Amino acid sequence: MNGSCCGSNEKEKSKIIDCPKCTTAFRLCLKEYPGGVESFGCPFGESTTKILGSSSFELHGHKFATITVPFTFRWTQSFSLILQALDMYRNSSSPAIIEEVAYSGTISPPSDWISLDNSNQPSRNARIRYKIRVICDEHYYNSTCTVLCKPRDDFFGHYTCGDKGQKVCQKGWSGDNCDKPICLNGCVHGTCERPGVCQCRNGYKGAICDECQAYPGCKNGFCEKPWECRCHKNWGGILCDKDLNYCGTHEPCLFGGTCHHIGGEQFSCTCPEGLSGARCEIVEHPCAPVPCKNGATCTIKESSKKNVTKPEYKPRQYRGMSSMGAPVSARTVAVNDNFTLSSSTKTESEYVCTCTPGFTGERCEQNIDECENVPCKNGATCIDLVNDYQCNCIAGFTGHDCDINIDECVNNPCQNGQCVDMINGFYCMCPDGFSGTLCETMINDYDDDLSDLCASGPCHNNGSCESGDGWFRCVCSAGFDGPDCRININECASQPCTEGATCIDGIGKFSCVCPSNRRGKRCEI
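At position 16 of the sequence shown the residue is numbered 16 (the UniProt record's numbering), and the sequence of numbers has no breaks.
So this is what it looks like as structure tokens:
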């Protein structure tokens, strides 16, 4: 303040020795841009606070210290404001202006608080610090607060609002107003009233309405378009209910009889030797219906031959006559599908089946398992074939039964040493003066530095090297032997596996491949 007293008038102020404290409130006036203090009225609106304090005070974050001026039309972005500090003296008819500040500028919503004060004002009675900002009313957006967006979830839309007032559709909805449901993925010939479903249009079916519906009553047909009835092979008619190939569809002739289609559902059967009847259902001797399987030969037993006679058979309605009344051969009979099957049967004791190699059983129906006796050696896998077997050898073995150890030394891989064959490998025994996997490195006996003969790594297979004055030796790890630990000790040499099991040599150990009826580490159980 500048020292003037607050009160009802100047004379009273000058007579009072102790000035009364101010009762301060604020008035905010919004104007067009530019608009000075002398401009008339507050066309953009005005608002006055209650009494907020006395001669000196600060308010931070108090709701009652916020002056809000409602703006009922679009925000202009540019504006002017006048902020007055008023002394609300109780005995005065109108408040006195303690201080008055003005500001002109532009501001767009939504904006952060902008701090202002009148510290640069040439003459002032009081210093006023204040903050301003512009925010749109609820559901209004953009820099002029003219975009209206009110979230909704009803028949007219299903959306929320983005930071610029745009409609953000809820999951499963689309369209300008988010009122169109998104149907189940792949729903081409369907509609939906809510998201994630597919209601088929007429003529379509299926979970996603991707299947056409055939014409009602279509029995043996299909459709590529709705309400079609395209017949499957051997069927005809509007509803595909006419059998054009009864023989191929129903195979009515038994025991290998040949079917001849006459028309509609009528057919005739030509029977093999030893069979007769409308459908070749009458067995005239035991081997006629080919009881032996897998190419076996059927032979009638001597004890049964004298009993093999053509069975007494009373002709049925169609025996010997076609459906049109024309005579047919004694073994060709025309019938329709209303025929009831009847046959004479023979016991299995009246014939003998001679099996082809690889099959067994009374009718040669069983394939002999050639792998049952474990013919494959050295851990090979046996695959049963017809009258044979196949062995899949593990690495290092060959032969029909995998009983031959492949000689990896046959090509003399060791350059300056002796080759020793191993299972799926080899090692080279190097003479004095050579080293290396293939004995390819010559050792210089006249090297001046003989302090460490282990430096060249002469010990293999994780063997440790010990050296002295002009000598070294290798201490081999478990499972290896030899001067340089190259020899794999054959743990199968002592034949540890029992009951004819196959022994597989390993590194410092062995394993047994047991027959199917044995188990245990050594197949001893």
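Where a beta carbon is used, it is the ideal one built from N, C-alpha and C, also for glycine.
As the structure is a prediction and not an experimental result, all values here were calculated from the model.
Can you check which of these residues, the options, is closest to residue i by C-alpha distance?
i: Asn234; options: Gly206, Leu244, Val197; result: Leu244
i: Leu59; options: Pro375, Gly203, Ile114, Tyr130; result: Tyr130
i: Ser174; options: Val188, Gly165, Gly196; result: Gly196
i: Ser104; options: Glu408, Leu30, Glu362, Ile394; result: Leu30
i: Ala478; options: Asn461, Ser467, Asn411, Gly470; result: Asn461
i: Thr146; options: Lys21, Pro109, Asp469, Tyr159; result: Pro109
i: Tyr389; options: Ile368, Cys409, Thr398, Gly396; result: Ile368
i: Asp154; options: His285, Thr258, Pro181; result: Pro181
i: Phe480; options: Ile128, Ser80, Met422; result: Met422
i: Trp75; options: Val290, Asp469, Ile135; result: Ile135
i: Phe267; options: Gly361, Gly257, Asn405, Leu275; result: Gly257
i: Met429; options: Gly482, Thr191, Trp227, Thr48; result: Gly482
i: Gly470; options: Ser115, Ala455, Cys476; result: Ala455
i: Tyr33; options: Ile67, Ile82, Ala65; result: Ile82
i: Cys353; options: Cys253, Ile128, Pro291; result: Pro291
i: Thr249; options: Phe255, Glu265, Phe79; result: Glu265
i: Cys376; options: Pro122, Ile404, Ile97; result: Ile404
i: Cys409; options: Asp384, Leu438, Cys393; result: Leu438
i: residue 564; options: Glu362, Asn411, Cys503; result: Summary: the structure shown does not reach residue 564, with the chain confined to residues 1 through 525, and so no result is reported for it.
i: Asn220; options: Phe64, Ala207, Gly236, Leu453; result: Gly236
i: Trp227; options: Gly203, Lys242, Tyr246; result: Gly203
i: Ala278; options: Cys259, Val168, Pro286; result: Cys259
i: Thr72; options: Phe222, Phe44, Leu116, Ile489; result: Phe44
i: Ile128; options: His139, Cys198, Ala25; result: Ala25
i: Gly217; options: Lys242, Arg201, Glu211, Arg194; result: Lys242
i: Thr144; options: Pro151, Lys164, Tyr159; result: Lys164
i: Ile507; options: Asn517, Gly425, Pro431; result: Gly425
i: Phe510; options: Arg518, Asn517, Asn488; result: Asn488
Are the CB atoms of residue j and residue i within a distance shorter than 8 Å?
i: Asn177; j: Gly157; result: yes
i: Cys231; j: Ala214; result: no
i: Cys209; j: Cys240; result: no
i: Arg133; j: Gln84; result: no
i: Glu499; j: Cys523; result: yes
i: Cys355; j: Ala380; result: no
i: Pro496; j: Val374; result: no
i: Glu273; j: Ala288; result: yes
i: Asn294; j: Cys364; result: yes
i: Tyr159; j: Pro151; result: yes
Is any beta-carbon of chain B found at less than 8 Å from that of residue i?
i: Gly175; result: Any reference to chain B falls outside this structure, which holds one protein chain only.
Count the other CB atoms within 10 Å of the CB of residue i; is the residue buried (16 or more) or exposed (fewer)?
i: Lys225; result: exposed
i: Cys271; result: buried
i: Asp505; result: buried
i: Ser329; result: Summary for Ser329: the model assigns pLDDT 36, below 50, so the residue's position carries little reliability; its value from the coordinates is reported in the next sentence. Looking at its Cβ environment, which holds fewer than 16 other Cβ atoms inside 10 Å, Ser329 is exposed.
i: Ser494; result: exposed
i: Ala334; result: Confidence at Ala334 is low in this model, with a pLDDT of 45, below 50, so the placement of that residue should be treated as unreliable; the coordinate-derived value is given next. By the neighbour-count rule (16 or more Cβ atoms within 10 Å), Ala334 is buried.
i: Asn120; result: exposed
i: Ile238; result: exposed
i: Asp484; result: buried
i: Thr66; result: exposed
i: Phe255; result: buried
i: Pro327; result: Bear in mind that the predicted position of Pro327 carries a pLDDT of just 33, short of 50, making it too unreliable to give a figure here.
i: Val168; result: exposed
i: Asp448; result: Here the model assigns Asp448 a pLDDT of 48, short of 50, so the residue's position is not dependable and the matter cannot be decided.
i: Asp87; result: buried
i: Ser54; result: exposed
i: Ile282; result: buried
i: His285; result: buried
i: Phe79; result: buried
Could you check how far apart the C-beta atoms of residue i and residue j are, in whole angstroms? I think they sit under 8 Å.
i: Pro458; j: Ser435; result: 5 Å
i: Arg486; j: Tyr427; result: 4 Å
i: Gln77; j: Thr106; result: 5 Å
i: Ser464; j: Val475; result: 5 Å
i: Phe397; j: Asn416; result: At roughly 29 Å, the Cβ-Cβ gap does not stay under 8 Å, so Phe397 and Asn416 are not in contact.
i: Gly358; j: Asn392; result: So it is not a contact: roughly 20 Å between Cβ atoms.
i: Gln199; j: Gly190; result: 5 Å
i: Ser98; j: Cys22; result: A small fix is needed here, since residue 98 is Ile in this sequence, not Ser. The pair is a contact, with the Cβ atoms about 6 Å apart (cut-off 8 Å).
i: Tyr246; j: Lys301; result: Rounded, the Cβ-Cβ distance is 38 Å, inconsistent with contact.
i: Val69; j: Glu100; result: At roughly 17 Å, the Cβ-Cβ gap does not stay under 8 Å, so Val69 and Glu100 are not in contact.
At a threshold of 7 Å, does residue i count as lining the ligand GDP (C-beta to nearest heavy atom)?
i: Gly358; result: Ligands in the displayed structure: none, and consequently the ligand GDP is not present.
Could I get the ranges of all uninterrupted beta strand (DSSP E) runs contained in the region 447-523, with 3 residues as the minimum, in chain order?
-> 464-468, 471-475, 502-505, 510-513
List in chain order: all unbroken beta strand (DSSP E) runs of 3+ residues lying wholly within the region 52-100.
-> 78-87
Which full runs of the beta strand (DSSP E) of 3+ residues lie inside the region 213-292, going along the chain?
-> 258-263, 266-270
Only counting runs of 3 or more residues, tell me where the beta strand (DSSP E) segments fall wholly within the region 375-447, in order along the chain.
-> 381-385, 388-392, 418-422, 425-429
Mind pulling the beta strand (DSSP E) runs of 3 or more residues that sit fully within the region 107-167?
-> 114-117, 129-132, 152-154, 157-161
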